[in-house]
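Quick notes on the structure that follows.
Numbering (UniProt numbering), first residue to last: 1 to 128.
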């Protein structure tokens, strides 16, 4: 009696010609061959130069590559020369500014009220 091989040991069949495509950058007119680039650039179909370029044309539309989303967005979704879209930057900033419960007790009081360069005597008060 033969046992059926498990389906986990087989790779999914790919359509003919699937692996024959040379990965190339999505930017209009770019002929960069991504086959020798980093995996990241091949996966997102953008050459290293255009991943950092402030304005590119894709299918006739001006766009920029977002380093947070790893995809192209229209220019209106970015602030000035930023490389991350406003939506992702907003989320990033909200997470960074989230108050920490322990930080409030350590950083509160006269420690923050002293201007830079002025000595703080609050540590001496603890010993009185």
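Ideal Cβ placement from N, Cα and C applies to all residues, glycine included. Quick caveat, the model's predicted, so the values are computed rather than measured.
A direct Cα-to-Cα measurement between residue 31 and residue 59 gives close to 15 Å.
In this structure, residue 84 places its C-beta atom within 8 Å of the C-beta atom of residue 68. The continuous stretches of beta strand (DSSP E) do not include residue 49, which lies in the alpha helix (DSSP H) extending over residues 48-51. Taking 8 Å as the cut-off, the beta carbon of residue 79 is found no closer than this to the beta carbon of residue 57. Rounded to whole angstroms, the gap between the alpha carbons of residue 73 and residue 88 is 12 Å. The distance from the Cβ of residue 49 to that of residue 26 is about 13 Å, inconsistent with a contact at the 8 Å cut-off.
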